[in-house]
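Residue numbers (my numbering), protein chains in the order written: chain G, 61 to 487; chain H, 61 to 487. Glycine included, C-beta positions come from ideal geometry on N, C-alpha and C. All values derive from a computational prediction rather than experimental measurement. This report refers to the structure that appears directly beneath it.
Number of protein chains: 2
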Amino acid sequence: METIKIGLVGLGTVGSGVLQMLTQNQAKISNITGRQLDVKTIVVRDINKPRNVSTDNIMLTDDLNQIINDPEIKIVVEVMGGIHPAKEVITALLNAKKHVVTANKDLIASAGEELAKIAHDNQCDLVYEASVAGGIPILRTIVNSFAADQIMEVKGIVNGTTNYILTQMQHRGWGYQEALKKAQELGFAESDPTNDVAGIDAAYKMIILSQFSFGVHLSIDDMKIIGIQDIQLEDVKQADSFGYTIKLLGIARRINNGIFAEVAPVLVAKDHPLATINNENNAVMVTGSAVGETLFYGPGAGGLPTANSVLSDIVSVTKNIVLGTTGNSFNNYQHETNLVTPEDVVYPYYLSLAMLDVPGQMLKLTQLMTKIGASFSQIVQTKQDDQSARVVIITHDMSKDQLAQLIAQIAEFKSIDLVAAYKVLGN
Amino acid sequence: METIKIGLVGLGTVGSGVLQMLTQNQAKISNITGRQLDVKTIVVRDINKPRNVSTDNIMLTDDLNQIINDPEIKIVVEVMGGIHPAKEVITALLNAKKHVVTANKDLIASAGEELAKIAHDNQCDLVYEASVAGGIPILRTIVNSFAADQIMEVKGIVNGTTNYILTQMQHRGWGYQEALKKAQELGFAESDPTNDVAGIDAAYKMIILSQFSFGVHLSIDDMKIIGIQDIQLEDVKQADSFGYTIKLLGIARRINNGIFAEVAPVLVAKDHPLATINNENNAVMVTGSAVGETLFYGPGAGGLPTANSVLSDIVSVTKNIVLGTTGNSFNNYQHETNLVTPEDVVYPYYLSLAMLDVPGQMLKLTQLMTKIGASFSQIVQTKQDDQSARVVIITHDMSKDQLAQLIAQIAEFKSIDLVAAYKVLGN
Chain G
61 METIKIGLVG LGTVGSGVLQ MLTQNQAKIS NITGRQLDVK TIVVRDINKP
111 RNVSTDNIML TDDLNQIIND PEIKIVVEVM GGIHPAKEVI TALLNAKKHV
161 VTANKDLIAS AGEELAKIAH DNQCDLVYEA SVAGGIPILR TIVNSFAADQ
211 IMEVKGIVNG TTNYILTQMQ HRGWGYQEAL KKAQELGFAE SDPTNDVAGI
261 DAAYKMIILS QFSFGVHLSI DDMKIIGIQD IQLEDVKQAD SFGYTIKLLG
311 IARRINNGIF AEVAPVLVAK DHPLATINNE NNAVMVTGSA VGETLFYGPG
361 AGGLPTANSV LSDIVSVTKN IVLGTTGNSF NNYQHETNLV TPEDVVYPYY
411 LSLAMLDVPG QMLKLTQLMT KIGASFSQIV QTKQDDQSAR VVIITHDMSK
461 DQLAQLIAQI AEFKSIDLVA AYKVLGN
Chain H
61 METIKIGLVG LGTVGSGVLQ MLTQNQAKIS NITGRQLDVK TIVVRDINKP
111 RNVSTDNIML TDDLNQIIND PEIKIVVEVM GGIHPAKEVI TALLNAKKHV
161 VTANKDLIAS AGEELAKIAH DNQCDLVYEA SVAGGIPILR TIVNSFAADQ
211 IMEVKGIVNG TTNYILTQMQ HRGWGYQEAL KKAQELGFAE SDPTNDVAGI
261 DAAYKMIILS QFSFGVHLSI DDMKIIGIQD IQLEDVKQAD SFGYTIKLLG
311 IARRINNGIF AEVAPVLVAK DHPLATINNE NNAVMVTGSA VGETLFYGPG
361 AGGLPTANSV LSDIVSVTKN IVLGTTGNSF NNYQHETNLV TPEDVVYPYY
411 LSLAMLDVPG QMLKLTQLMT KIGASFSQIV QTKQDDQSAR VVIITHDMSK
461 DQLAQLIAQI AEFKSIDLVA AYKVLGN
C-alpha cells in the first residue's frame, strides 16, 4: 500500500491527539482511503521537552524547513495556534505545495479568504473543520448537506468555557467570579480568560459559520459582541424563575436580504434544545428554508474530539490526493455581504433595572416604554434593600433601534440603572 | 454554464419537494457546482393525475425507457419506494450508466451491497442520504467525519411515527390506540401502520447506520425487533414517575469484537439528550472512541426535509461528475460481521409485572431474581383491583441471558404475568 507522509507543526493537546489517533486507527484509515498515513516530522518549539505521546521513528525538529524542503511530506497539520507566525507558516507550506489542515479559528476568521487564494493558486487543499466547535463536524456538514437549501439562521453555543461557567452559575448558584475560578482550576478556562469570556472566540467561530452558511465575509467589527463578565447571579436566578436559561449564543441570521450577526447572552426557554446543552459542550442549530431546524451537538473542545475533526480533514485531503482533485475551496459558496439595519432586527428582550425605591419610578418606566412603542409580557419588582428595588421585564418584540432609544433614555434618569438587556429566545 | 439533465422516477411528496427545491435554489446550486441542474423527464404511474407542483417544460411519462434511452439524462432520482420494482428500475438505470439517488431504505437495507456492486461496475454513483432519518444528514457525516475514529455506538430515534405516538401517550395521557388514531388523522401514520409501529422501518435504518458505522452487513434476521404496539399507558406513567421517558430506540453497539443491534422500547432518563426529542422528530447519537458523544437532530420525514437530503446527494454526484470521480462507493468501510452473544449484552431493565394480590408473591419474585443473580435498584407495588397488583422493578445490570432465564421462569408461574421488559438508558 502506498504511504502518504504527514508533517505536524505543534505538539500540544490537539497535536498529541492527532498523533495518537493516526497510530490507533491506522487500519480503518487504510481501509477507507487505500493509503497508509505516517507522521514523519514534527516541528516543535522545544525539542527537549518531555512528551506524553510516543514519537518513535518521527523526527522532532524546531526547523520548519525540515518539512518545507521535504518533498515526501504531502499533508501538514498546523496546530500551533495564534495568528503570527501561523499565517506565515501556512503561507510558506502552501507555497511549498503542501496541503494544510488547521484548527486555527482566529487565523481562518481573519485571513481565511487570503489563505484560500494562496491554496488555490498552488492547487493545494486548505481545510479547517476543527476550527469551529471542536468535535462537532459542522463545517463539512453545511458544505455537503445544506448545499441546495437556503440557510436562514445558524446559531449556537460555540464556546465551551463560557457555557461551563453559565451552567455552574445556574445549577450551583455560584457567582461569575466563583464559577470562573472553578473553570480555571479544571482547565476549562485559561489563566487570562478574556478571549473566551468576552465572546471574542465565539465571534471568530460565527464569522466562519457565516461564511459557510451565507457565503459572506464578515469581519469582527461587523458584529456586536457582548461577553458574560457582567452577568449577575440575580439575573440568572430571575431568568430561571421565568422559565429561561441564560446562554452565550452566537447568532447569524438572514433578515430580508441582509445578515445579522451577534454574540451575546440570551435567555433561552428551558424547552428549547439549546437550553439543555450544559457544561463545556457545544451545539450548533442550523435552520434551513426547506429542511427546517436541525441541531448538531458534541464536545466543543478537548484534545481527542478536536483531533478527530483534524483527522476527518486529513482523510478528506487524502481522498482528494488519490482522486487527483485537490485545490478546490473548502467552502465555495460566495454571496455579497449586506448587514441589516437595526430596525429590521426584532426580538423580545429581558431587561433588568436597578432603581431607587421611591414613588413614581414604575410610572416613569412605563411612560418611557410607551413613548418608544414597546410593551411587555412579564414584569416583576423585588426589593433589594431599604433604598433600592430591582425590576425585571420581558418585553414583546422590540427592534434594535427601539432598544437603543430605551437605553439612551434610561441613561438620562439618575435613579434608574439598566443592569442587563438580553434577547429572549422562545421554544 | 453547462447543464446537467436529471430524471425523476416518482412524483409523490418527496419527488415534488425535489422539483420545488431544484427550481427555487437553482442560483445557489449553480454557484456551488458550476452547473445548471434541470429536471427533464419524470416517470409516473398516472400521467393524467393532477399535481400540485408545476411540471412546465418537463416530460411526464409512464415509460421508464424515456429516461433509460436518453443519453442527456445523467442523474436519476428514484422516489417510488418499495423493493419491487424499485430494485429492477435502479438496476436498469445503473446499467444504462445513470447515476442514481434514492431515498429507498427498505431496498438499500436489503439489497444495498448488490446494487453498490452494479453501480461500481458501471462507474456510477449510487447515493441514498435520504434513506435514514429524512432531513438529518447522518450518513454523509459518518462517512466524512468519523472516518478516522472508531465508532462505539450509534443509536437513536429513527422513526417519526412511533416517536409521535409515544410523545402523545406521555404528554397527553392517551392510550396507544388513541394516539395512533390521532397520528393517522394528522398524516404521521399510514392507514396500515405495521411497518412503523412494529419497528421494521427503524430496523432497516439501523441496518444502514450499522453499515456506515461499523462496516458490517446485518440482515433484518440478525436483529431483535420489538415495536410499540404493546406499550401500556400505565408503564408510560410509571416510567415517568421514575424519571424516564419511553422511546423506541434503535441501538447498534460494538461490544468486545462483535456488534449488538436491536430495535425496542427503552426507558430513557429525562436528562438524556434523546429524551427531549419529541413528536415526529428524529435524532441519531454517535459515540466515537475519540470524539465522545455527538448528537444529530432534525426532522425525520416530510417532503422538503427529505428532498433536502436528496438534493445534497444530487449536488454531491454533480461535483463528482465535474471532477470525473464518479463510481466510488458511498460507504467504503468494510469489516467482518460478528454478532455478540447474549451474555455480553448488559443493561439495567425495567420490568412490569401483573400478579395476583396474594401473600408470598413478592417472595417468589425476589427468590427468582436471586436465583439468576439479578438485583434491583427500585421496586414499586401498586394495587390494580381487588384481586391483582402491579409490580414494577428497575434492575441493576443484567445480561440478555439472565433476562431470558427470568422471562422463562416467570412464564412458569400462573399467578405472575410479565407485561413489559424494557432496557433502561441513564444520562
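Please state whether the Cβ-Cβ distance between residue i and residue j is less than 8 Å.
i      : j      : result
N398/G : G318/G : yes
L308/G : I288/G : yes
S191/H : I168/H : yes
P333/H : Y482/H : no
K379/H : T93/H  : yes
L153/H : V113/H : no
K265/G : A163/G : no
D185/G : H159/G : yes
S459/G : E403/G : yes
A243/G : M229/G : no
F272/G : L199/G : yes
N155/G : N125/G : no
By alpha-carbon positions, which one of the options ends up nearest to residue i?
i      : options                        : result
E322/G : A258/G, I381/G, S301/G         : A258/G
S76/G  : I128/G, R95/G, L371/G, L411/G  : L371/G
G352/G : E353/H, Y357/H, G352/H, A350/H : Y357/H
Q444/G : S437/G, V418/G, D106/G, L463/G : V418/G
V100/H : N91/H, S369/H, T83/H, N108/H   : Residue 100/H is actually Lys in this sequence, not Val. That would be T83/H, whose Cα lies nearest to the Cα of K100/H.
L68/G  : V104/G, A152/G, N91/G          : V104/G
S369/H : T354/G, D461/G, H180/G, V377/G : T354/G
T180/G : H456/G, D457/G, F390/G         : Checking the displayed sequence, the identity of residue 180/G turns out to be His instead of Thr. Among H456/G, D457/G, F390/G, the Cα nearest to that of H180/G belongs to F390/G.
N108/G : D122/G, N117/G, R95/G, Q96/G   : D122/G
V377/G : I135/G, A171/G, Q96/G, I127/G  : I135/G
N91/H  : G486/G, V203/G, I291/G, D457/G : V203/G
E189/G : D166/G, S170/G, A171/G, V161/G : V161/G
Q469/G : L428/G, P359/G, N342/G         : L428/G
G142/G : Q96/G, I133/G, S170/G, V382/G  : S170/G
N342/G : A434/G, D457/G, T221/G, E294/G : T221/G
Leaving aside the five residues before and after residue i along the sequence, list all residues of the same chain whose C-beta is less than 7 Å from its C-beta, in chain order.
i      : result
N338/H : T227
F473/H : K424
L416/H : Q447, S448, S475
A350/H : D209
D98/G  : T63, K65, I66
I454/H : F302, P408, Y410, F436, S437, Q438, V484
L120/H : I102, V104, I107
D461/H : P402, E403
Which residues in the same chain have their Cβ closer than 6 Å to the Cβ of residue i, if we skip the five residues on either side of it in sequence?
i      : result
F320/G : R313, V400, V405
G348/G : F206, D209, I211
V440/G : V452
A367/G : V74, G77, V78, M81
Y393/G : G275
V479/H : S412, A414
A262/H : V218, N219, G310, V323
V139/H : G70, V74, G75, A163
K284/H : E322
List the residues of chain A that residue i touches, going by C-beta distances under 7 Å, in chain order.
i      : result
D300/H : The structure shown has no chain A; the protein chains it does contain are G and H.
Considering only residues of the same chain and omitting the five flanking positions on each side of residue i, which have a CB-CB separation below 8 Å?
i      : result
M422/H : Q441, V451
A335/G : Y304, T305, K307, V328, A329
V296/G : L226, M229, Q230, I306
T151/G : L175, I178
I291/G : L226, M229, Y236, I306, P325, A480
If you measure from the CB of residue i, is any heavy atom of the ligand ZN nearer than 7 Å?
i      : result
V484/G : The ligand content of the structure shown is nil, which means the ligand ZN is not present either.
Length at least 3, wholly inside the region 209-269 of chain G: the beta strand (DSSP E) runs in chain order: As far as the region 209-269 of chain G is concerned, its whole beta strand (DSSP E) runs of at least 3 residues are 211-217.
Does the region 221-236 of chain G come into contact with the region 167-178 of chain G, if we say contact requires no fewer than three beta-carbon pairs (one atom in each stretch) closer than 8 Å? At 8 Å Cβ cutoff, the stretches do not touch.
Validate contact between the region 63-77 of chain H and the region 361-371 of chain H using beta carbons, cut 8 Å, 3 pairs: Touching, yes, given that three or more Cβ pairs across the two stretches are closer than 8 Å.
What alpha helix (DSSP H) runs, 4 residues minimum, are completely inside the region 339-394 of chain G? Fully contained in the region 339-394 of chain G are the following alpha helix (DSSP H) runs of length 4 or more, in chain order: 363-383.
Do three or more CB pairs link the region 376-391 of chain G to the region 212-220 of chain H at distances below 8 Å? The region 376-391 of chain G is not in contact with the region 212-220 of chain H.
Just to confirm the assignment: which complete alpha helix (DSSP H) runs, minimum length 4, are found wholly within the region 400-475 of chain H? The region 400-475 of chain H contains these whole alpha helix (DSSP H) runs: 421-431, 460-472.
Residue ranges of each beta strand (DSSP E) run of no fewer than 3 residues wholly in the region 133-213 of chain G, ordered along the chain? Runs of the beta strand (DSSP E) spanning 3 or more residues and lying entirely within the region 133-213 of chain G occur at 133-138, 159-162, in chain order.
Could you tell me which whole alpha helix (DSSP H) segments of length 4 or greater appear in the region 89-131 of chain G? DSSP runs (the alpha helix (DSSP H)) wholly in the region 89-131 of chain G: 125-128.
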